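The structure under discussion appears below in the form of structure tokens.
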Amino acid sequence: MLDSFASRLSDLRKQRDLSQKEAAQALGVSQALLSHYENGIRECGLDFIAKAAKFYGVTCDYLLCASNSKYGFFETLDFRNELEDDSVLTNATIYRAAGALREALGNTNEDFVRQTLVLYSICIYRVFLFAVSKGRAPANWIKVGCALDFEMYLNAVDSLLLLILDVPAKKINLKYDFEQGVPECLKTVIDAAHDALADRVDLLSDIMTKRFFKDSEDYKKTGK
0 MLDSFASRLS DLRKQRDLSQ KEAAQALGVS QALLSHYENG IRECGLDFIA
50 KAAKFYGVTC DYLLCASNSK YGFFETLDFR NELEDDSVLT NATIYRAAGA
100 LREALGNTNE DFVRQTLVLY SICIYRVFLF AVSKGRAPAN WIKVGCALDF
150 EMYLNAVDSL LLLILDVPAK KINLKYDFEQ GVPECLKTVI DAAHDALADR
200 VDLLSDIMTK RFFKDSEDYK KTGK
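Numbering that gives the first Met the number 0 applies: residue 0 is where the sequence shown begins, and numbers increase by one.
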């Protein structure tokens with residue numbers, strides 16, 4: 000960990016094209032002490048880590064090698080650029096995938112943008128409704144009069160999805176170059192959802208197959 004911290008500290012200085020003397024002066028330490036930090040000879044205190052992170056414009060987590068993201072949450076806002084963590088399913092990856100999908104749709108019509116955000120909101124709300132129905136979330140968070148009719152709800156989600164995406168082609172202006180492949184963050188989310196659903200389908204198929212053979216055996220025995 001110390002060597003990795005030292006390496007990142009040194010790399011950040013070089014990226015800014017600063018000499019050790021210049022960086023040491025800006026960070027309020029001697030050049031000799033900074034050299035020790037950059038070479039992993041001595042361990043620095045938290046105050047220096049905070050000061051170095053602020054000076055180089057990165058997160059403390061990045062300096063300490065707890066994250067590969069230099070800019071934390073603000074880096075996730077720019078979903079047009081791939082991040083190393085995009086291949087890992089996290090809250091940030093899901094957020095970036097939603098942004099990448101929105102960008103890929105390419106429609107800048109104000110109503111379309113609004114409806115896309117509404118669709119994302121409904122998908123999250125649908126998960127919350129299910130949690131309420133299972134007693135995993137407080138029911139008083141739901142607006143009065145909301146019925147937990149999931150079949151009707153899913154139909155409403157599907158109809159809204161069609162409404163949002165069923166727009167004239169002339170309004171579509173794709174900004175993402177699909178020839179380059181799907182954005183990594185979107186691929187991660189798609190793969191996770193596909194694998195989970197595939198496992199569920201296989202399980203249900205196995206249950207239905209066993210039930211079919213059981214019913215067939217019962218029919219042979221009873222004629223019913």
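Positions of the beta carbon are idealized from the N, C-alpha and C atoms, including for glycine.
Treat the numbers as computed from the prediction; the structure is a model and nothing was measured.
Annotation: the continuous alpha helix (DSSP H) that includes residue 50 extends over 45–55. The shortest CA-to-CA distance from residue 102 to any of 200, 185, 189 is the one to 185. Comparing C-alpha distances from residue 10 to each of 27, 28, 36 shows the shortest one belongs to 36. For the pair residue 14 and residue 30, the CB atoms are not nearer than the 9 Å cut-off. Counting C-beta atoms within 10 angstroms of its own C-beta, residue 100 has 16 or more neighbours from the protein chains shown and is therefore classed as buried. By the beta-carbon neighbour count (other beta carbons within 10 angstroms, threshold 16), residue 85 is buried. For the set 39, 33, 125, 200, the Cα lying nearest the Cα of residue 51 is the one of 33. Judged by their CB atoms, residue 126 and residue 140 are not nearer to each other than the 9 Å cut-off.
With a 10 Å radius around the Cβ and a threshold of 16 neighbouring Cβ atoms, residue 182 comes out buried. Bounds of the alpha helix (DSSP H) holding residue 60 are 59–62. Beta-carbon to beta-carbon, residue 97 and residue 119 are separated by about 6 Å, close enough to satisfy the 8 Å threshold. With fewer than 16 neighbouring CB atoms inside 10 Å of its own CB, residue 113 falls in the exposed class. Going by beta carbons, residue 5 and residue 56 fall outside the 9 Å limit. The C-alpha of residue 180 lies about 42 Å from the C-alpha of residue 47. Distance between residue 116 and residue 41, taken at the CA atoms: about 50 Å.
Collapsing the DSSP output to three states places residue 38 in coil.
By the C-beta density criterion, residue 188 is buried, having at least 16 other C-beta atoms within 10 angstroms. The alpha-carbon of residue 88 is positioned some 10 Å away from that of residue 192.
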